[in-house]
Amino acid sequence: MPRSVVITGLGLVTRDAQDLAAFEALLHKGGKPPQPPQQFDASRFRARNAFATPPANGARNGPQADAAQRDFLTRAPSREELDCAGHGLAAALQAITQAGLSPDELQKAGCVLATTSGGLMDDFADLTQDQDADVQPPELLAPASAAQVLYRLFGLSGPLCSFSCACVSSLGAISHAFSRVRHGEAPVMIVGGSDRMREADFAGFNALRAMDRDSCRPFDTTRRGMMIGDGAAMLVLEDEAHALARGARPLMRLSGMGLATDSHHITSPNAQGLIRAMQQALTQAGRRAEEITYVNCHGTGTALNDAAEIEALSAVFDAPDMRPVIGSTKGTTGHLLGSAGAIETIATVLALQSGMAPVMATTHNPEETGFPLPLAGTPQPLSGRIAMNNSLGFGGLNASLILEAYDSHDSQGSSPCA
Amino acid sequence: MLDSFVISASCADTPAPIPLPVGAPASGLTSSGAPFGSFSLHGLNHSAFDAEAKRSRGRFTRPSFRLGQMINRLLKQTGLTPDCIRGPRSGLVSGSQFGCAQVYDMHSRLRRFGPRGIDAVRFAQATHNYPISAAAIDFGLQGPCLAVVSTALAGLDALQCAFDWLRDDRCDRVLVAAYEDFAPPLTTHLAQRCRANPTKSYGEAMVIVLLERPALAAARGLENLPMLSVSSAKMESGPGKNQNLGQGQGTTLDLCPDGIDYLGASGLVALHHLLNRSLVQQRGAEPLRLHLPGLATTGIGLTLTIANHEMELS
Chain A
911 MPRSVVITGL GLVTRDAQDL AAFEALLHKG GKPPQPPQQF DASRFRARNA
961 FATPPANGAR NGPQADAAQR DFLTRAPSRE ELDCAGHGLA AALQAITQAG
1011 LSPDELQKAG CVLATTSGGL MDDFADLTQD QDADVQPPEL LAPASAAQVL
1061 YRLFGLSGPL CSFSCACVSS LGAISHAFSR VRHGEAPVMI VGGSDRMREA
1111 DFAGFNALRA MDRDSCRPFD TTRRGMMIGD GAAMLVLEDE AHALARGARP
1161 LMRLSGMGLA TDSHHITSPN AQGLIRAMQQ ALTQAGRRAE EITYVNCHGT
1211 GTALNDAAEI EALSAVFDAP DMRPVIGSTK GTTGHLLGSA GAIETIATVL
1261 ALQSGMAPVM ATTHNPEETG FPLPLAGTPQ PLSGRIAMNN SLGFGGLNAS
1311 LILEAYDSHD SQGSSPCA
Chain B
12 MLDSFVISAS CADTPAPIPL PVGAPASGLT SSGAPFGSFS LHGLNHSAFD
62 AEAKRSRGRF TRPSFRLGQM INRLLKQTGL TPDCIRGPRS GLVSGSQFGC
112 AQVYDMHSRL RRFGPRGIDA VRFAQATHNY PISAAAIDFG LQGPCLAVVS
162 TALAGLDALQ CAFDWLRDDR CDRVLVAAYE DFAPPLTTHL AQRCRANPTK
212 SYGEAMVIVL LERPALAAAR GLENLPMLSV SSAKMESGPG KNQNLGQGQG
262 TTLDLCPDGI DYLGASGLVA LHHLLNRSLV QQRGAEPLRL HLPGLATTGI
312 GLTLTIANHE MELS
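Protein sequences, first through last, are from chains A and B. Going by the working numbering, the first sequence opens with residue 911, and the numbers climb by one from there. Going by the working numbering, the second sequence opens with residue 12, and the numbers climb by one from there.
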């Protein structure tokens, strides 16, 4: 019998928000305009703006963890570990603190982390161009290095894994952690995504002409593309019975996930994969489409993405008078690539908790989608208690997730798994 | 009743036992006079890719090209046609420790040539999921597809993903691949590792196995296949209590019979050896564990049963 999975903690780092309260305020008023990243000279590129965290952010957050948070760490992180995983570490500390886990309870947890390109291999390549030098701790070069840093620093003993699947990385990671808890293999999983701004990705999306020069405007007739960002978003997934037994207050129930592929094109999405992913998530959650009150779309602001997504949503939510509010938070946070699914899961949790869809402040000329959009000046209250979050990635990968406002009456009544 | 699925075929490409030439690691080991002294890296034969790359104008990367070839070999081995795996009931997952070299190449090209050195098509290939995505497009796979980039356990982590998907009825069969592909700057890094420990030797590899529902294999006349199920040790110990399955009773098999470390592909290389070399039968009735010495602290919680012999994958 699968176990019930709840979310008990959330944490995040974005350019404009370093905690949940700041993030919630941001979601309701919209973000600041994107700016050129400080990590590199963006003037060489066609599109020059991003939602980049200040370069010192990752390093700054770790050592300044407060005394209570330091209790969770087996030792102080090194400078290199903070370069590699600072955002993820800061976000995870917030999530663990909110979850109210004791250091002993934390040690039973596992960790699954998503990344776009991860590790410090770029730095290694730069420093070994012309010399023979051991320039980086060798354990920090691989894509999974950030996950391993978190695992070591928190002294975890549960499952460890890492995913890198373009923009569905985070939801892939969440699906893996969900399975570990759902099948009783771990009582607690720390899961999410962590990335830092990478010039090669900035250059690549410029080469694809997929970046807007000014702002990201999902579902807007004047949209010109995406706007990348960096940061981290982490969640504590927990066996419901385990959470209740230790007196924790579940924030939300994670009830279903869907994974499917377009098998269509490397960079051009097709609606069919997303349709299957959404249907799979609904089936696993035991829910009908008309029960969904809000969908946090992938909503990159590229014409190809938005068109495929609306086609897929129209197919799944085919009753015109019972359609959910849909929205994208990428105009506010930027596209966090490997961390996108995790930060948008947090946005979806906050939307259900507040009963209000995050505003799409940059979408001034909405296209006809057939769905209510939460535009500036036209707030969209959410009447239901179930929401969906979708991610699409290069290579035709699709993932969908179902969240339900927590109600203890829905509990399965099982005993704690550990 | 515990869910159980069968491994109906496996293919592996492992390197010829010829060390790559010693050379300047930043330039891809092509010249002599290495600053690192002699070290041993073992490469796969990429001549077919090199020939194809000219014809197909860069549609493939080395791992994506090899994966396509190996899927065809795997299908033949298990009596399937490409039509059989087309559609939403077939998934694909890869595991690798360092993933696709093209991801790192983007950075190097940007440093050398500036923004004009970044080609849109090559950037689209510069994701760790490119091999599985390209294969999904070529073979029409529409089930779940994900790329694991974890530790030396990456291949076994991928196997666990496949198990999850079948157990959750997301699909009926999953192609599970594990690979390592060496190119700068990874070669430099591995050279430094070898210098620090001259007994170490690393090899490129790609392995692919097919995990599917027993009824599907039986319908093709395949019976008594190796079976994967939830570990009974894990079920007994309970989650979060004792997941150090590699430290239990029984004999640990040598995962590197040829002395080469295949990094994230190690687990599936070892599994392939197990499936194809009758190692299990040679051991009699003694409990066996497939264990990555010194690397794995937690088991993936699956048991492999071959010819009535059970072993933990940890």
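We treat Cβ as the ideally placed atom computed from N, Cα and C, and that holds for glycine.
Under a CB-based cut-off of 8 Å, is residue i close to chain B?
i: phenylalanine 1073 of chain A; result: yes
i: glutamate 991 of chain A; result: no
i: aspartate 929 of chain A; result: no
i: leucine 1247 of chain A; result: no
i: histidine 997 of chain A; result: no
i: leucine 1051 of chain A; result: yes
i: phenylalanine 909 of chain A; result: In the structure as shown, chain A starts at 911 and stops at 1328, and residue 909 of chain A therefore has no counterpart that could be examined.
i: proline 946 of chain A; result: no
i: threonine 1212 of chain A; result: no
i: leucine 1011 of chain A; result: no
Is the beta carbon of residue j closer than 8 Å to that of residue i?
i: glycine 940 of chain A; j: threonine 1258 of chain A; result: no
i: glutamate 1239 of chain A; j: asparagine 1215 of chain A; result: Here the sequence assigns threonine to residue 1239 of chain A, which means glutamate is not the residue at that position. No, the pair does not count as a contact, with Cβ atoms beyond the cut-off.
i: arginine 224 of chain B; j: arginine 181 of chain B; result: no
i: asparagine 1275 of chain A; j: alanine 1170 of chain A; result: no
i: alanine 1158 of chain A; j: glycine 1248 of chain A; result: no
i: serine 19 of chain B; j: leucine 236 of chain B; result: yes
i: cysteine 172 of chain B; j: leucine 186 of chain B; result: no
i: methionine 1144 of chain A; j: glycine 921 of chain A; result: yes
i: alanine 1024 of chain A; j: phenylalanine 1064 of chain A; result: no
i: alanine 1035 of chain A; j: proline 196 of chain B; result: yes
i: glycine 125 of chain B; j: arginine 954 of chain A; result: yes
i: glutamine 108 of chain B; j: proline 1048 of chain A; result: no
i: glutamate 1148 of chain A; j: proline 1069 of chain A; result: no
i: alanine 11 of chain B; j: serine 105 of chain B; result: This structure leaves residue 11 of chain B out entirely; chain B is present only between 12 and 325.
i: isoleucine 148 of chain B; j: serine 212 of chain B; result: no
Tell me which same chain residues have a C-beta within less than 8 Å of the C-beta of residue i, skipping the five on either side of it?
i: valine 1235 of chain A; result: Thr1203, Tyr1204, Val1205, Ala1267, Phe1281, Pro1282, Leu1283, Pro1284, Gln1290, Leu1292
i: methionine 117 of chain B; result: Ile129, Arg133, Phe134, Ala137
i: methionine 12 of chain B; result: The pLDDT assigned to methionine 12 of chain B is 41, lower than 50, so where the model puts this residue is not dependable; a value taken from the coordinates is nonetheless given after this. Same-chain partners within the cutoff: there are none.
Kindly indicate if chain E contains any beta-carbon less than 8 Å away from that of residue i.
i: alanine 276 of chain B; result: Chain labels in this structure do not include chain E; the protein chains are A and B.
Could you pull the start and end residues of the alpha helix (DSSP H) that residue i belongs to?
i: leucine 1030 of chain A; result: Per DSSP, leucine 1030 of chain A belongs to no alpha helix (DSSP H) and is neither H nor E.
i: phenylalanine 1112 of chain A; result: 1109-1117
i: threonine 1219 of chain A; result: The amino acid occupying residue 1219 of chain A in the given sequence is glutamate; threonine does not appear at that position. Glutamate 1219 of chain A -> alpha helix (DSSP H) spans 1213-1226.
i: glutamate 63 of chain B; result: 58-67
i: valine 1269 of chain A; result: Note, valine 1269 of chain A: premise wrong, no alpha helix (DSSP H); not H, not E.
i: threonine 1242 of chain A; result: 1240-1243
i: aspartate 175 of chain B; result: 165-178
With respect to the beta strand (DSSP E) encompassing residue i, which residues constitute its N-terminal and C-terminal limits?
i: glutamate 1314 of chain A; result: 1307-1315
i: alanine 158 of chain B; result: 156-159
i: cysteine 205 of chain B; result: Here cysteine 205 of chain B belongs to no beta strand (DSSP E); instead the alpha helix (DSSP H) covers 197-207.
Can you list, in chain order, the residues of its chain whose CB lies under 7 Å from that of residue i, leaving out five sequence neighbours each side?
i: cysteine 994 of chain A; result: Gly1029, Leu1030, Leu1050, Ser1055, Ala1056, Val1059
i: glycine 1305 of chain A; result: Ala1076, Ile1176
i: aspartate 929 of chain A; result: Gln1004
i: glycine 151 of chain B; result: Arg97, Gly98
i: aspartate 926 of chain A; result: Leu936, Gly941, Lys942
i: serine 1321 of chain A; result: Ser914, Glu1150
Give every residue of the same chain whose Cβ lies closer than 6 Å to the Cβ of residue i, excluding the five residues on either side of it in the sequence, and list them in chain order.
i: aspartate 14 of chain B; result: Arg178
i: arginine 1123 of chain A; result: Ala957
i: glutamine 136 of chain B; result: Thr72, Gln113
i: serine 161 of chain B; result: Asp168
i: methionine 1232 of chain A; result: Glu1200
i: glycine 90 of chain B; result: Arg231
i: glycine 1102 of chain A; result: Ala1143, Met1144, Leu1145, Ala1252
i: alanine 1181 of chain A; result: Ala1218, Glu1221, Ala1222
With respect to 7 Å, is the separation between the Cβ of residue i and the closest non-hydrogen atom of the ligand HEM below this value?
i: alanine 20 of chain B; result: Summarising the ligand content, the structure contains no ligands, and the ligand HEM is consequently not present.
What whole-angstrom Cβ distance do residue i and residue j have, given they're in contact under 8 Å?
i: glutamine 1189 of chain A; j: glycine 1166 of chain A; result: Going by Cβ atoms, the distance from glutamine 1189 of chain A to glycine 1166 of chain A rounds to 10 Å, so no, they are not a contact pair.
i: glutamate 191 of chain B; j: glycine 275 of chain B; result: 6 Å
i: glycine 1141 of chain A; j: threonine 924 of chain A; result: 4 Å
i: serine 875 of chain A; j: glutamine 153 of chain B; result: Examination of residue 875 of chain A is not possible in this model, given that chain A is present from 911 through 1328 alone.
i: proline 912 of chain A; j: histidine 1208 of chain A; result: Their Cβ separation, rounded to whole angstroms, is 27 Å, which puts proline 912 of chain A and histidine 1208 of chain A out of contact at 8 Å.
i: threonine 1026 of chain A; j: phenylalanine 1129 of chain A; result: Rounded, the Cβ-Cβ distance is 24 Å, inconsistent with contact.
i: alanine 1113 of chain A; j: glycine 1135 of chain A; result: Rounded, the Cβ-Cβ distance is 15 Å, inconsistent with contact.
Checking contacts by CB at 8 Å: is residue i closer than that to chain A?
i: arginine 77 of chain B; result: no
i: leucine 121 of chain B; result: yes
i: aspartate 272 of chain B; result: no
i: leucine 152 of chain B; result: yes
i: valine 114 of chain B; result: yes
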